[in-house]
Amino acid sequence: MNLPDPNQLIDALAEQIRPNLMPNTAMLGIHTGGVWVMEALAERLGGDIPCGVLDIAFYRDDFSRIGLHPQVKPSSIPFDVEGRNILLVDDVLYTGRTIRAAMNLVFDYGRPNRIRLAVLVDRGGRELPICAHYTGATLDLGQHICLVRDAEGRFDLVLKEEAK
Amino acid sequence: MSANLQLTEDGRLRHLLTLEGLPARILTQILDTAESFVSVGEREIKKVPLLRGKAVFNLFFENSTRTRTTFEIAAKRLSADVINLNIATSATNKGETLLDTVANLSAMQADMFVVRHASSGAPHLIARHVAPHISVVNAGDGRCAHPTQGLLDMYTIRHYKGGFHNLRVAIVGDVLHSRVARSQIHALSILGCPEIRVVAPKTLLPRDVESMGVHVHHKMETGVKDCDVIIMLRLQNERMQGALLPSAGEYYKFWGLTEDKLKLARPDAIVMHPGPMNRGVEIDSGVADGKHSVILPQVTFGIAVRMAVMSMVTGSNA
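Below you can see the structure in the form of structure tokens.
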């Protein structure tokens, strides 16, 4: 099947987000794809929106089943979360478990005023009551999809075999 | 000797007993993971939920303040329940064997044992006998190994020096009685440090020390010359049997790290010490508190390194 161009999806996402930006909005991208999308959004939205990076490895609900991810990256939130309007950014929304873990992580930094969620692709298959406020595309794939970035920083969406 | 006992069939860290024989990949993974735990320690809420519901037993058959405390903090920051056993007043003193003690604690649903013991090999013995879901972490056994100390030292070196491949590292002092030195030497050579020096009088060096791939120096002045890292060891008075040294004052004169001797090292050299320090015996007070000293950051990094080890061994049971 023909997959959409992620660069156009990011443009569309930025236009959805723009009217809802508030003076105290800050973005948090989830490793790794979410960070790329966040950086691309920050470029399009301008205005020096504070940005941070989340790695949810220490908050995953499947630690007792699969153990610790071998490549954990430090989370970095270079602003005060307390009272902020947080925009969580990820590349693909699937079961919702990553988002749950990310929210738990954010709350260990402080109590935000509000958290909203922006995703490049919603592929369905939710296992938790979580939905995105801003969505680039909704695709019914029944297959893993992921965002890749080449050496020049160009994005592409690729399908992957189901892992389990 | 126990590389297999320490790893699962698919190569994950199952127990941490010694650094000897571990692949560089595992050491690097521990250091990388610890980096993420350092950032957890800088937050307002310093806890993550990884080991929620797990019971970690601190089994210290030998005295320790820093190591036991940092293991306890590490376990608590991982949300584990920590049980500290005061062995001096426990059943071992009533004649219970080590393995019986461990079997009883296992019956209390232990998930991990952190073990310090005066006898070399005690943690290995426990690891060989525990149930498959229980992990053992060595917190120092006899003269054999102190792997988490070795790892936190590697973390500290990597943090300040960026890597190991161009480094000259001197380990100074009582190498003979030091399990810390042994773990440091193994770790440095696994991670590719090209020049590891041990600097000590003959009486404080093990006979086979050169077989570990180190350069031996019997003079402080040549030993620390042009070094990037100087690791001072504690003079272990309580382990001294027989007259290995004339006196503490004499020791300081020849082997103590003073400002003058430190000047022989690289201008950006770091000074490390595993603690507890004997000021005025192996290290001058001014050096211990000076701008080259990274002794207190070592302690802070130790928590993150122990969090990394505890979460990796627990995760390997998955």
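The listed protein sequences derive, respectively, from chains A and B.
Under the working numbering, the first residue of the first sequence is numbered 1, with each subsequent residue one higher.
Under the working numbering, the first residue of the second sequence is numbered 165, with each subsequent residue one higher.
We put the CB at the ideal spot given by N, CA and C, even for glycine.
Quick caveat: nothing in here was measured; it's all calculated off a predicted structure.
Taking residue i as the reference, which of the options has the closest Cα?
i	options	result
R443 of chain B	B:A267, B:T422 and B:C308	B:T422
H329 of chain B	B:V344, B:V393 and B:L181	B:V393
L141 of chain A	A:A102, A:D122 and A:I30	A:D122
H179 of chain B	B:P296, B:G454, B:A452 and B:L340	B:P296
H379 of chain B	B:H341, B:I335 and B:Y416	B:I335
G205 of chain B	B:M471, B:Q273, B:S270 and B:D245	B:M471
N24 of chain A	A:R114, A:D62 and A:E43	A:R114
I509 of chain B	B:R430, B:F225, B:A291 and B:L215	What the structure shows of chain B is the stretch from 165 to 482, and residue 509 of chain B is not part of that stretch, so it cannot be assessed.
A271 of chain B	B:Q313, B:K258 and B:F221	B:F221
N268 of chain B	B:P311, B:N302, B:L223 and B:H288	B:L223
G337 of chain B	B:P370, B:A291 and B:P431	B:P370
R189 of chain B	B:Y416, B:R398, B:A351 and B:H310	B:A351
L315 of chain B	B:N481, B:V477 and B:A468	B:A468
R116 of chain A	A:D11, A:N2, A:M22 and A:E161	A:M22
R241 of chain B	B:K218, B:L249 and B:F225	B:K218
I447 of chain B	B:P187, B:F225 and B:I395	B:I395
G69 of chain A	B:G259, B:A198, B:S203 and B:V445	Note on identity: in this sequence residue 69 of chain A is His, with Gly being the wrong assignment. Nearest C-alpha to H69 of chain A: B:A198.
L43 of chain A	A:L159, A:L139 and A:D11	In the sequence as displayed, the identity of residue 43 of chain A is Glu instead of Leu. The shortest Cα separation from E43 of chain A among A:L159, A:L139 and A:D11 belongs to A:D11.
A452 of chain B	B:G466, B:F418, B:S480 and B:R398	B:R398
H293 of chain B	B:D196, B:L169 and B:G420	B:L169
L128 of chain A	A:F155, A:T98, A:Q143 and A:G153	A:T98
T172 of chain B	A:V89, A:L157 and A:G67	A:G67
L460 of chain B	B:L186, B:T234, B:S200 and B:R176	B:T234
A429 of chain B	B:G259, B:L409 and B:C391	B:C391
L93 of chain A	A:G29, A:P19, A:E39 and A:F155	A:G29
C51 of chain A	A:D80, A:R65 and A:F63	A:D80
M182 of chain B	B:L191, B:R332 and B:G175	Correcting the residue type first, residue 182 of chain B is Thr in the shown sequence and not Met. Measuring from the Cα of T182 of chain B, the nearest candidate turns out to be B:L191.
Q273 of chain B	B:K258, B:V246 and B:G327	B:V246
S200 of chain B	B:S480, B:T478 and B:V473	B:V473
P6 of chain A	A:Q71, A:Q143 and A:L139	A:L139
Q143 of chain A	A:P19, A:E161 and A:L9	A:E161
L45 of chain A	A:D90, A:V53, A:N2 and A:M27	A:M27
V89 of chain A	A:R154, A:L41, A:P19 and A:D156	A:L41
R154 of chain A	A:N20, A:N2, A:V37 and A:P19	A:V37
F418 of chain B	B:K383, B:D424, B:D432 and B:K427	B:K383
Counting only Cβ pairs nearer than 7 Å, list the residues of chain A close to residue i.
i	result
L355 of chain B	By Cβ distance, chain A contributes nothing, its closest Cβ being about 17 Å from L355 of chain B, past 7 Å.
V300 of chain B	Result: empty, since nearest Cβ-Cβ is about 17 Å, beyond 7 Å.
M476 of chain B	L68
G479 of chain B	F63, G67 and L68
If the cut is a Cβ gap below 9 Å, which residues of chain B does residue i touch?
i	result
P74 of chain A	E199, S200, F201, V202, S203 and V204
Identify the contact partners of residue i in chain B, using a Cβ-Cβ distance below 8 Å as the criterion.
i	result
G110 of chain A	E208
Quick one: list the residues of chain B neighbouring residue i, beta-carbon separation under 7 Å, in chain order.
i	result
T65 of chain A	Sequence inspection shows Arg at residue 65 of chain A; the Thr mentioned does not correspond to that position. Those within 7 Å of R65 of chain A in chain B are A482.
So residue i contacts chain A; which residues on that side make the cut at Cβ distance below 8 Å?
i	result
R176 of chain B	G67
Quick one: is residue i near chain E, going by C-beta distance under 8 Å?
i	result
A239 of chain B	The structure shown contains no chain E; the protein chains it does contain are A and B.
Touch check for the region 430 to 442 of chain B and the region 307 to 322 of chain B: three-plus C-beta pairs under 8 Å? yes
With contact counted as at least three CB pairs below 8 Å, one residue from each stretch, are the region 361 to 368 of chain B and the region 376 to 394 of chain B in contact? yes
Every unbroken alpha helix (DSSP H) within the region 59 to 122 of chain A, with a cutoff of 4 residues, ordered by chain: 63 to 66 and 97 to 107
Closer than 7 Å, Cβ to any Cβ of chain A: which residues of the region 182 to 193 of chain B, in chain order? Q193
Contact between the region 134 to 151 of chain A and the region 105 to 125 of chain A is defined here as three or more beta-carbon pairs at a separation below 8 Å; is this criterion met? Because the criterion of three Cβ pairs below 8 Å is met, the region 134 to 151 of chain A and the region 105 to 125 of chain A touch.
Which ranges does the alpha helix (DSSP H) cover as unbroken runs of at least 4 residues, wholly within the region 192 to 279 of chain B, from first to last along the chain? 230 to 241 and 262 to 271
Touch check for the region 221 to 236 of chain B and the region 85 to 104 of chain A: three-plus C-beta pairs under 8 Å? Under the Cβ criterion (8 Å, minimum of three pairs), the region 221 to 236 of chain B does not count as touching the region 85 to 104 of chain A.
Chain-ordered residues of the region 128 to 161 of chain A with a beta carbon less than 7 Å from chain B: none
Can you check the region 316 to 376 of chain B for any alpha helix (DSSP H) of at least 4 residues that lies completely inside it and give the ranges in chain order? 343 to 354
Three CB pairs or more closer than 8 Å across the region 142 to 153 of chain A and the region 33 to 41 of chain A: A contact exists between the region 142 to 153 of chain A and the region 33 to 41 of chain A.
Would you check if the region 276 to 284 of chain B and the region 300 to 313 of chain B touch, i.e. whether three or more CB-CB distances between them fall below 8 Å? yes
Using 8 Å as the cut-off, can you tell me whether the region 58 to 78 of chain A makes contact with the region 5 to 25 of chain A, which would need three or more C-beta pairs spanning the two stretches below that distance? no
In the region 7 to 46 of chain A, which residue ranges form an unbroken beta strand (DSSP E) of at least 3 residues, counting only runs that do not cross its ends? 25 to 30
Are there three or more Cβ pairs, one per stretch, closer than 8 Å when the region 341 to 349 of chain B is compared with the region 263 to 279 of chain B? no
The region 212 to 224 of chain B: which residues have C-beta closer than 7 Å to a C-beta of chain A, in chain order? V212, P213 and L214
Contact the region 98 to 112 of chain A vs the region 195 to 212 of chain B: 3+ CB pairs below 8 Å: Yes, the region 98 to 112 of chain A touches the region 195 to 212 of chain B.
Interface residues of the region 28 to 60 of chain A facing chain B [CB-CB below 8 Å]: D55, A57, F58 and Y59
Meets three-Cβ-pair contact criterion under 8 Å: the region 56 to 75 of chain A and the region 89 to 105 of chain A: Segments in contact, yes.
Along the chain, which unbroken stretches of the alpha helix (DSSP H) at least 4 residues long are found entirely within the region 374 to 462 of chain B? 384 to 387, 412 to 419, 423 to 426 and 449 to 452
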